[in-house]
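Trainee: First to last, the sequence lines map onto chains A and B. Residue numbers for the first sequence follow this note's numbering, so the first one is 1 and each next one is one higher. Residue numbers for the second sequence follow this note's numbering, so the first one is 1 and each next one is one higher. Positions of the beta carbon are idealized from the N, C-alpha and C atoms, including for glycine.
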Amino acid sequence: LAKTTQPISMDSYEGQEVNITCSHNNIATNDYITWYQQFPSQGPRFIIQGYKTKVTNEVASLFIPADRKSSTLSLPRVSLSDTAVYYCLVGLTMDSNYQLIWGAGTKLIIKP
Amino acid sequence: NAGVTQTPKFQVLKTGQSMTLQCAQDMNHNSMYWYRQDPGMGLRLIYYSASEGTTDKGEVPNGYNVSRLNKREFSLRLESAAPSQTSVYFCASRAGLAVSSYNEQFFGPGTRLTVL
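(1) For T7 (chain B), which residues in the same chain have their Cβ closer than 6 Å to its Cβ, ignoring the five residues on either side in sequence?
(2) Could you give the DSSP three-state label for D56 (chain B): helix, strand or coil?
(3) Among all the DSSP beta bridges, which residues are the ones paired with E73 (chain B)?
(4) Could you tell me which residues DSSP pairs with A92 (chain B) in its beta bridges?
(5) Do you know offhand how far N19 (chain A)'s Cα is from K69 (chain A)'s?
(6) So, does the CB of L80 (chain A) fall closer than 7 Å to a CB anywhere in chain B?
(7) Please report whether the beta-carbon of V90 (chain A) lies at a distance below 7 Å from any beta-carbon of chain B.
(8) Taking the continuous beta strand (DSSP E) assigned at I101 (chain A), which residues delimit it?
(9) Would you please verify whether the beta carbon of M41 (chain B) is less than 7 Å from any beta carbon of chain A?
(10) Report the residue ranges of all beta strand (DSSP E) runs contained in full by the segment 45-110 of chain A; include only those spanning at least 3 residues, in chain order.
(11) Taking Cβ positions only, does L97 (chain B) come closer than 7 Å to chain A?
(12) Give me, in chain order, the residues of the same chain whose beta-carbon lies closer than 8 Å to that of N103 (chain B); leave out the 5 immediate sequence neighbours on both sides.
(13) Would you kindly report the start and end of the unbroken beta strand (DSSP E) that includes T29 (chain A)?
(14) Inspect the CB distances between the segment 12-30 of chain B and the segment 80-89 of chain B and report whether three or more fall short of 8 Å.
(15) State yes or no: is the C-beta of P39 (chain B) nearer than 6 Å to some heavy atom of the ligand HEM?
(16) Can a CB atom of chain B be found closer than 7 Å to the CB of F46 (chain A)?
Structure (structure tokens):
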């Protein structure tokens, strides 16, 4: 039973917009959806968080449909330094228990 | 302001040995977390502490124990290390209470543990 699902990897080019989607069928009612970025040999770093509709900050946008069963991280005009692994994090209700679950990560490679 | 610090950075153990991973944060955060990250995989929550004096199991607690020594420090102990515990261990802290994904988690640099 998949808890959260992300594409394993994606490629893009500098200056393009990149969209990474995470599916989370059992998201807890009041929980947020959070995205993190991780570079090799470092801990994850917070990018953006949202509950519903759209959230935008200086580095990314997060789109969440009304049913909240998925979310899409949008990175505008990517650069080589955006090459990293991106994780979604949600709280899921599993067998009536709340669990904090990370996606397996999407390895994003940006090419010149 | 050092953020979240972890010691040691690297460790090699033999099967059956014990050790304690140390974590400290200087941001006056309430919640602290221990995760493991296996190669090519996401993070899995081992234990968390919503506040000083409380600890709860996460997704993969077997083989581990934790201590929330005070508000700053949260340690992870392996009583009898096994090769399956070879992993990178991350400590994180968050300002809010409880285990929720709400609010940003701040991560330490990780401890790379190999069990032979």
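Mentor: Quick answer:
(1) Closer than 6 Å at the Cβ level, and outside the excluded window around T7 (chain B), lie Q22.
(2) Three-state result, D56 (chain B): strand.
(3) For E73 (chain B), which the question treats as bridged, DSSP gives the partners B:A24.
(4) B:Y33 and B:F107, per the DSSP bridge assignment.
(5) Their backbone Cα atoms lie some 16 Å apart in a straight line.
(6) Cβ-Cβ to chain B under 7 Å: no for L80 (chain A).
(7) Interface residue, yes.
(8) Here the beta strand (DSSP E) through I101 (chain A) covers N97 to W102.
(9) Using beta-carbon distances, M41 (chain B) counts as an interface residue toward chain A, with a partner under 7 Å.
(10) Counting only runs of 3 or more, we get 45-50, 53-56, 61-64, 70-75, 84-94 and 97-102.
(11) Using a CB distance cut-off of 7 Å, L97 (chain B) does not count as an interface residue toward chain A.
(12) These residues qualify, in order along the chain: R94, A95 and G96.
(13) Neither: T29 (chain A) is in no beta strand (DSSP E) and is coded neither H nor E.
(14) Touching, yes.
(15) Annotation note on the ligand HEM: not contained in the displayed structure, which lists no ligands.
(16) Yes - at least one Cβ of chain B is within 7 Å of the one on F46 (chain A).
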